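Single-structure report; data block below.
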Amino acid sequence: MTLLEVRDLHVDFKTRDGLVKAVNGVNYSVEAGETLAVLGESGSGKSVTAQAIMGILDMPPGRIPQGEILFHGNDMLAMSKEERRKIRGAKIAMIFQDALSSLNPVLTVGYQLAEMFRVHQGLRRKEAKAKAVELMERVKIPAAKARVNDYPHQFSGGMRQRIMIAMALALEPDLIIADEPTTALDVTVQAQVMELLADLQREYNMGLILITHDLGVVADVADKIAVMYAGRIVETAPVKELYRTPAHPYTKGLLDSIPRLDRKGQELYAIKGLPPNMATVPGGCAFHPRCPAARDVCRTELPPLAEVGDGRGSACHFWKETIDDRAA
Ligand code: SF4
């Protein structure tokens with residue numbers, strides 16, 4: 001069952017430097033029980049797309065001139081503010097990177113969790129608190145009963161992120177969007193939090209959109225990946241195929257930048273240059289100034305996202321060579 005379908009989404013921002021086209025014709029979908037990882041460097045449009053789905057874009061200066069965001073087949077962009085508010089939190093929940101700034105520092109975590117049940121389900125204080133403890137246990141916070149009255153700063157970064165996950169899960173949404181949920185955590189805690197998210201997603205049969213800049217963290221949890229660059233999807237593929245034979249030089253560069261034990265002692269690869277300023281995106285393929293495989297045509301012609309195999313797409317004029325090169 002398709003939960004969410006983003007169709008030809010465009011998002012612009014009016015800035016002092018002119019119109020910034022932050023998202024340019026993005027298409028993706030998520031099924032129940034499926035994890036889509038959306039990958040890209042900062043400024044690629046991955047978080048802006050998520051904010052458009054959640055209905056939390058600042059408009060103005062943001063604007064959605066074109067596109068559809070279908071949730072259970074209904075276009076959320078055509079809904080009233082009230083209809084969208086009912087979906088947000090209850091049907092689609094979001095987990096942000098920075099738990100400390102997302103939680104209220106002067107309220108206990110138990111109060112903040114219980115608030116979800118009081119406001120949305122009309123539960124009484126005592127019942128809501130019992131549900132809060134249950135949720136804290138669900139996300140494996142040790143001694144949940146004793147810690148329900150602690151404040152956010154009394155928890156470690158990993159535990160705070162578990163509380164954010166608990167808050168997202170509270171109303172048993174159909175879809176969770178996790179925006180860089182583990183970026184602020186150290187590697188071991190990152191792995192634990194990702195494992196927890198994946199377990200809960202299976203248990204609740206939710207859809208999950210995992211937004212990240214780090215290909216290394218999604219290999220074990222994602223079903224499919226959409227790679228974004230300069231506001232567009234440049235590659236999309238089931239996770240195994242993408243890791244085995246990337247069809248876009250940018251994806252290939254990201255994969256080569258992941259530290260690997262079998263390359264110990266070797267210098268770590270880094271994609272040269274920086275992502276473009278979105279107010280002055282290069283013409284042709286936006287990746288061409290950084291691409292080791294760029295040729296003349298890349299500077300003038302924008303490559304469309306072409307189908308390059310079963311469930312796979314690449315926006316590179318030379319995708320076949322990229323795949324062959326990796327497969328060789
Ligand atoms: Fe590189 Fe050209 Fe492919 Fe763009 S179209 S990724 S510049 S080879």
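UniProt numbering puts the first residue of the sequence shown at 1, with every later residue one more than the last.
All C-beta atoms in this analysis are idealised placements derived from N, C-alpha and C, irrespective of residue type, glycine included.
Computed from a prediction, not measured in an experiment: that's the story for all the values here.
For L210, the three-state DSSP class (helix, strand or coil): Within the sequence shown, the letter at position 210 stands for residue 210. If DSSP states are grouped into helix, strand and coil, L210 belongs with the strands.
Beta-bridge partners of H10, as assigned by DSSP: For the purposes of this step, residue 10 is taken as residue 10 along the sequence shown, with counting starting at 1. According to DSSP, which records beta bridges pairwise, H10 is partnered with N24 and Q66.
Residues that Y229 bridges to, as DSSP identifies them: In the sequence shown, the residue the question calls residue 229 occupies position 229. Beta-bridge pairing links Y229 to R232.
Rounded straight-line distance, which links the Cα of E180 to that of H72: Here residue 72 refers to the residue found at position 72 when the sequence shown is read from its first residue. Here residue 180 refers to the residue found at position 180 when the sequence shown is read from its first residue. In a straight line, the C-alpha of H72 is about 25 Å away from that of E180.
With 16 other Cβ atoms within 10 Å as the buried cut-off, status of E267: Here the question's residue 267 lines up with position 267 in the sequence shown. Exposed, because fewer than 16 other Cβ atoms sit within 10 Å of the Cβ of E267.
Collapsed DSSP secondary structure at D75 in the structure displayed: Taking the sequence shown and counting its residues from 1, the one referred to as residue 75 is at position 75. Strand, per DSSP.
Residues bridged to P238 [DSSP beta-bridge criterion]: Along the sequence shown, one-based indexing puts residue 238 at 238. Answer is K224.
DSSP beta-bridge partners of T15: Numbered from 1 along the sequence shown, position 15 holds the residue referred to as residue 15. T15 is bridged to G18.
Helix, strand or coil at I163 [DSSP, three-state]: Here residue 163 refers to the residue found at position 163 of the sequence shown. Helix at I163.
For N27 and P65, the rounded distance between their alpha carbons: On the sequence shown, residue 65 is found 65 positions in, with the first residue counted as 1. On the sequence shown, residue 27 is found 27 positions in, with the first residue counted as 1. Distance between the alpha carbons of P65 and N27: 15 Å.
CB contact flag (T182, V193, <8 Å): Walking along the sequence shown from the start, residue 182 turns up at place 182. Walking along the sequence shown from the start, residue 193 turns up at place 193. For T182 and V193, yes; Cβs fall inside 8 Å.
Cβ shell of E307 (< 7 Å), same chain only, five flanking positions each side left out: The residue you call residue 307 lines up with position 307 of the sequence shown. Closer than 7 Å at Cβ, skipping near neighbours: G313.
Cβ-Cβ separation, I92 to I225 (assumed contact under 8 Å), whole Å: Against the sequence shown, residue 225 aligns to sequence position 225. Against the sequence shown, residue 92 aligns to sequence position 92. With 8 Å as the limit, I225 and I92 do not qualify as a contact, their Cβ atoms being about 20 Å apart.
Beta-carbon proximity check, G67 vs D8, cutoff 8 Å: As a first step, residue 67 must be located in the sequence shown, where it is residue number 67. As a first step, residue 8 must be located in the sequence shown, where it is residue number 8. Yes; because the gap between Cβ atoms is below 8 Å, this pair is in contact.
8 Å Cβ shell around I271 - same chain, five flanking residues per side excluded: Locating residue 271 in the sequence shown gives position 271, where the first residue counts as 1. For I271, where only same-chain residues beyond five positions count, the Cβ hits under 8 Å are Y250, G253, L254, S257 and R290.
Span of the alpha helix (DSSP H), counted from its first residue to its last, around G100: By one-based count along the sequence shown, residue 100 stands at place 100. It is Leu, not Gly, that sits at residue 100 in the sequence shown. A99 to S102 is the extent of the alpha helix (DSSP H) around L100.
Bridge partners - M94, DSSP secondary structure assignment: The residue given as residue 94 occupies position 94 in the sequence shown. Paired residues: I177.
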